[in-house]
Amino acid sequence: MLGLPPTDAPAATFSLPADSASNRLLDSPELQRLGELLQETYAPVEESLPARLAELVETLARREQGRE
1 MLGLPPTDAP AATFSLPADS ASNRLLDSPE LQRLGELLQE TYAPVEESLP
51 ARLAELVETL ARREQGRE
């Protein structure tokens, strides 16, 4: 799999507040927005999602189906 070319943009870092539950389930609007962001990011790329990212997307989809 080919990676994206490096950019001059600084690396993105994300941090959660210390009191945040790390296993907090995302609600439906958050999952929808996450899906939209992933699609915007990877839609122009002709290759499939990286394996770990694809696995996470599948896990989120299964959780959402289980909640219905």
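Using the UniProt record's numbering, read the sequence shown as starting at 1 and increasing by one per residue. Glycine included, C-beta positions come from ideal geometry on N, C-alpha and C. Values in this document were obtained by computation on a predicted structure and should not be read as measured data.
Does DSSP classify residue i as helix, strand or coil?
i: LEU49; result: coil
i: ALA61; result: helix
i: ALA54; result: helix
Would you mind giving the Cβ-Cβ distance between residue i and residue j, rounded to the nearest angstrom? I have them listed as a contact below 8 Å.
i: LEU49; j: TYR42; result: 6 Å
i: LEU31; j: LEU53; result: Contact doesn't hold; Cβ gap of about 15 Å is too wide.
i: LEU57; j: LEU38; result: Looking at the sequence provided, one finds Val at residue 57 rather than Leu. The pair is a contact, with the Cβ atoms about 7 Å apart (cut-off 8 Å).
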